[in-house]
Amino acid sequence: MELGRRIGSRIRQLREERGLTQAQFAEMTGKAVETISNMERGKTIPGLLTLDQFARHLGVPLEEMVKSNQPEADPHSQNAAIVAAAARRLPDNEMELVAGMIGLLDKQRRKSRRSQP
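What follows is the structure, given as structure tokens:
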């Protein structure tokens, strides 16, 4: 399932479990009803700060916001999708920093593999 739809589905599930309408949730979070609707349908992907705000209003840890309603998928694929979605929202200078960090981690991983018997 596409990341936006997965996150949106999770937002809807958590909101409905608490008996909240989109209008009530929008008022709680200071968002427009249309914004909530677009997020729940996967039309827009909320940023990390918005997800954190939603998590606080819904009384769940932040990681619950990106948890799949589907059976557990490959954690590596899930993490890669989350990183990719977050990276798309980063300014160029921060993206360069993240790319550099990933490069260093990869280099260290390859180095440790070579040193193992």
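Numbering (this note's numbering), first residue to last: 132 to 248. Ideal placement from N, C-alpha and C gives every residue a C-beta, glycine not left out.
Check, Outcome
"The alpha helix (DSSP H) that contains Met170, what's its start and end?", "Val164 to Glu171"
"How do the region 162-170 and the region 206-226 stand: do at least 3 beta-carbon pairs fall below 8 Å, yes or no?", "no"
"With H, G and I counted as helix, E and B as strand and the rest as coil, what does DSSP make of Arg220?", "coil"
"Classify Met232 as buried or exposed, calling it buried when 16 or more other Cβ atoms lie within 10 Å of its own Cβ.", "exposed"
"Alpha carbon to alpha carbon, how far is Val229 from Ser243? Give it in angstroms, no decimals.", "21 Å"
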